[in-house]
Every structure is written in C-alpha cells, then in structure tokens.
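Under the numbering used here, the sequence shown has 1553 at position 362, and the numbering climbs by one with no breaks.
Every residue, glycine too, gets a C-beta built ideally from N, C-alpha and C.
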Amino acid sequence: MRGFILALATIAFASSASAQNAILAPPAPPPVAPITAEQQRTIDRLQAAALESDLAWQIVEDLVTEVGPRMAGSEQEARARDWAVSMLREQRFTNIRVEPFTLPYWDATREEASIVSPSQQSMVIAALGGSPATPEGGLEAEVIRFANLLELEAATPAQVRGRIVFIDERMQRMQDGSGYGAAVAKRSRCAPLAQERGAVACLIRSVGTDPHRFAHQGGASRQAAGVSLPAAALSPADADLLARSVTRGATRVRLNIEVDMRENAESGNVIAEIRGRTNPEEIVLIAAHLDSWDSGQGAIDDGAGVAIITAAARLIRDLPRRPRRTIRILLAGAEENGVHGGAAYARDHANEAHIVAAESDFGAGRIYSFRSRFSEPALPYARAFSRALAPLGVLAGDNTAGGGADISAIRQASGVPLVDLRQDGTDYFDYHHTPDDTLDKIDPEALRQNVAAWVTFLYLAADTDWDFRATE
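As structure tokens, this is what we get:
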C-alpha cells in the first residue's frame, strides 16, 4: 500500500513539475520564412555595393542642379520629366515612358502680409496651394486668433465675421513624423471653416518644426467645392509676433495674394521597369514623386526619394540575371497639390498584378524600422525582410504600414500589400516645403544606407515567390 501511495506521489510530483515547466517554458518564436544561402550571399553583396555607391547622390544632385524646383503642371515639371526619361535610359532600365494626365494649375505670383495696427511690421508668408487671390490690391481686417481647429469649430459667425482667422497650432517634433498628421489638418480645414463663419481670409502657423523665418508651403482646399477664401501660412517667427500682438489688443493685418490659376495643365508620371525573367506580369512597385514646391530645390522632398529608389533598382539591374518579377519605378507627377499622379496611376494600372508596393517620400534620414501590411499568414515573410535588414540597423516594426501618398490610390483600388522603410524624420519638418529644402540637407552616408535597405527589400520581393496576400 505504501508503495502504491509513493507511486501516486511520484506521478503527481512529475505531473506538477511538468505543468510548472510548461508554464515557465518560453513561447516558440514566430515563424520566419527561410532565406537560402545563395540569397543571403546576394543580399550581402548588394548591401556592400550600396554602402559604397554614390549613385543616389549623383542622381539627386543632377536633379536639383539641372532642373531645380518643379511645380506641378509647370514648364519646370515638364523639364523634370525629360530629365527623368534621360536619366532612366542612362541607368539602362526598360519600358521607359511618360503617362500624361492633366490637372488644375496653381502658382502664387505675389505673397505679402503685414501688421498695420497697432504697429507696422511685415511678415513672411507662403500662400497655400489652391488659395484664391485676395481682391485686387489686397485686403485688410482685424485678426482673431484660435489655438487650434477645435476652437475655430466652436466659434460663432458673430465672432468671426469680417475678420482674418489665425490658427496658431504648433507641430510636435517626432522621429516618425507623426506630429505632422495632427498639425496638417489646419492647412486644409482653416479656409472652409473660416468661410462658413464669414471670415475674409485665413492664416495658419506653418506646419513645421523649425524656428526660422521661413513659411512652409503646402496644399490647401482648392478642390473643396465652394471654398474661395484666401489662405496662407506664416513663418514660425511671424506667427509668434502675431500671437503676441493679438494678446495685447486689437490687431489689423493687410494681406495681398496674387495667383496664376488655370485648368487642364499638363503633367505626367514617368515609369521604367526591370522586366521579370519568369513572372513578368507580377509587379513590385516602388514610387517617389518628381514634382516639388518652388521655394526650395526639392532636394529632400522628393529628389532624395527619386534617387533612392532608382539607385536601388539599378543595383538589381546589374545582377547577373534579372529577378523573377518585374520591378516598376513610378516617378509620380503632381503629388504636392493633390496626389494627381498617384490617382492617374491607379486609374491606368489597377487591374495589373501588383505584388507589393512601397514609396520613398520622407527625405533622406537613416531607415530605422521596417513595417509591413501583409495578410496574417504572410507575416513570416515580413520577419524575413526584417532579419535581412538587421545588419543595416533596421528594426522590425509592426504590420500597419501606410505606404505613402502616391501608392494610396493603387492600394485602395487593388488591395496591394504595402511596405514602409521608415526613415528618421526628426529634423525633416525643419526643411519640408521651405526655401531650406536644399541639397546640403542630405547626408550622403544616410543616403547610402537608404539605398542598401531598399535594395535588400527589392531583391527579396522580386526574386522570390513570396505571396504577401497569402491565405491559409
């Protein structure tokens, strides 16, 4: 009997220990798609070549030197398309073409603002893209300040009527640029909200993080039906000045904006390819935009993106054999004033077999994180990308990739899986849409790291049979 009891005790102890071990045992690591030894050797060679190459620098230097600023629908943007076709031919891509479209043209020809009472001080402004002109000779009115859009939404017509609305909301500096999403809403919403309440114009604190006396350009609300209120961004220093003046008492501002507006201006997307050797109908889409605002050189926004994706694709082009799938470069036109190029691309290509899409449009800061938007069963592929990118200092991110403006329409039309190669944007909004968007703001070493990360993603996406829409 005693032996039986001891046996039961031993079994019970063993069961308890086994249960305890099961509780303490770490969970199994999530599955990672395998990368073969040959693929890894190719990745190593591509990364090493990218980190030694200055091709991306040469491309962006040529663009800002030979073309410069490239307003959507302008002769300069047309010149940029010609430059891009020539450059892509020089890099030995195939199926190079321009796919034209038209858009409403807008450009500010005069942008002036000044406090006229109680003091007389000029201010630096940038008319927001799509803003109508002020009446001939300008307008003058008292300013009413709101700390943010919510305050304006709560205001009554009696408070606003006949005044210039000033939204004095600051943007927060964030590595991932997430402060922009909250701050940029005032750029498009100020004019319609102010117009509904009887204002005569709208001023906003520039959507940026710098303290300089530059106004940040950006699109407003021309496309919104019935919006006809002049709108402009103030430099941070002048927003501070206007806020102090309003706090001390009634302040009047004079605003004079003149614009060139016309319908059916010409633009276009520039496209080039590396045709896949076995599955040419399957497309890996990489995008950047060719146009820019005209106060700077368009170096970080988005000359850097044009250079990064082109240089990465060229390294793939130089491999001994072409990848299985087609790599398509999309240099989109007319992004800045309404993402017209991205919309045109989706209209023309939504029925094609896009395997995955990614966009470079956040300057040239180092890539620090890889983020996907794949189906759940395809997440082992995302982990494989992250493992391959780790030597470049790129961390694994989540599965909530946004993709970027120029591929948003094709994502909506076709559900194409997305990838974000997330760049350090800590100082990006110091320069974004300002006269300070110039070539010297690009760090050549960080630019090379971008190319190395992009070529890693491109090679694995284009030369494997991975299905990022995979279902169980």
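A direct Cα-to-Cα measurement between Cys-1381 and Ile-1598 gives close to 27 Å. In terms of Cβ geometry, Pro-1421 and Leu-1446 form a close pair [threshold 8 Å]. A distance below 8 Å separates the beta carbons of Arg-1613 and Tyr-1559. By the 16-neighbour rule on beta-carbons within 10 angstroms, Asn-1455 is exposed. Considering only Pro-1348, Arg-1404 and Val-1475, the residue with the shortest C-alpha distance to Trp-1645 is Val-1475. In the three-state DSSP reduction, Gln-1238 falls in the helix class (H, G or I). When secondary structure is reduced to three states using DSSP, Asn-1542 falls in the coil class, being assigned neither helix nor strand. Annotation for Leu-1343: Phe-1337 and Leu-1384 place their beta carbon closer than 6 Å to its own, counting only its chain and skipping 5 residues before and after. The beta carbon of Gly-1368 lies closer than 8 Å to those of Phe-1553, Gly-1616, Tyr-1619 and Phe-1620 in the same chain, with the five residues before and after it left out.
DSSP, read as helix, strand or coil, puts Glu-1454 in strand.
Between Leu-1580 and the set Asp-1429, Phe-1405, Asn-1641 and Leu-1433, the nearest pair of CA atoms involves Asn-1641.
Tyr-1536 and Ala-1346 have their C-alpha atoms roughly 41 Å apart. In chain order, Arg-1562, Ser-1563, Arg-1564, Leu-1609, Val-1610 and Asp-1611 place their CB closer than 7 Å to the CB of Ala-1592, counting only its own chain and leaving out the 5 sequence neighbours on each side.
Nearest to Ser-1577 by alpha-carbon distance, out of Val-1444, Asp-1493 and Asn-1590, is Asn-1590.
For Trp-1297, the enclosing beta strand (DSSP E) has its first and last residue at 1285-1308. Between Gly-1487 and Asp-1627, the gap from beta carbon to beta carbon is short of 8 Å. Pro-1323 counts as buried, since no fewer than 16 other beta carbons sit within 10 angstroms of its beta carbon. Of the candidates Ser-1419, Ala-1555, Trp-1248 and Ile-1500, the residue whose Cα lies closest to the Cα of Ile-1462 is Ile-1500. The residue among Ala-1502, Pro-1309 and Lys-1632 with its C-alpha nearest the C-alpha of Phe-1284 is Ala-1502. According to DSSP, residue pairing for Ala-1523 in a beta bridge involves His-1480.
Distance from the CA of Ala-1637 to the CA of Arg-1439, rounded to the nearest whole angstrom, comes to 46 Å. Distance from the CA atom of Ile-1316 to the CA atom of Arg-1301, rounded to whole angstroms, is 10 Å.
The beta-carbon distance between Leu-1319 and Ala-1423, rounded to whole angstroms, is 6 Å. This is short enough to meet the 8 Å contact definition. Excluding five sequence positions before and after Glu-1550, the CB atoms of its chain that fall closer than 7 Å to its own CB belong to Ala-1478, Ala-1479, Gly-1594, Gly-1595, Asp-1597 and Ile-1598, given in chain order. If only complete runs of 3 or more residues are kept, the stretch 1324-1350 shows the beta strand (DSSP E) at 1330-1337, in order along the chain. If you check the CB distance, Ala-1392 and Leu-1330 come in under 8 Å. Cβ-Cβ separation between Leu-1630 and Val-1251: approximately 7 Å, consistent with a contact (criterion under 8 Å). Counting along the chain, Phe-1620 sits inside the alpha helix (DSSP H) bounded by residues 1619-1622. Arg-1404 places its beta carbon 8 Å or farther from that of Arg-1352. For Met-1314, the enclosing beta strand (DSSP E) starts and ends at 1312-1314. Straight-line measurement puts the Cα of Thr-1625 at about 18 Å from the Cα of Gln-1267.
One Cα belongs to Val-1437, the other to Leu-1394, and the distance between them is close to 13 Å. As for any beta strand (DSSP E) of minimum length 3 sitting wholly inside the stretch 1581-1657, the runs are 1609-1614, ordered along the chain.
Taking C-beta atoms under 8 Å as the contact rule, Arg-1443 and Ser-1308 qualify, at a distance of about 4 Å. In its chain, beyond the 5 residues on either side, Trp-1274 have a beta carbon closer than 8 Å to the beta carbon of Glu-1257. In the three-state reduction of the DSSP assignment, Ser-1369 falls in the coil class.
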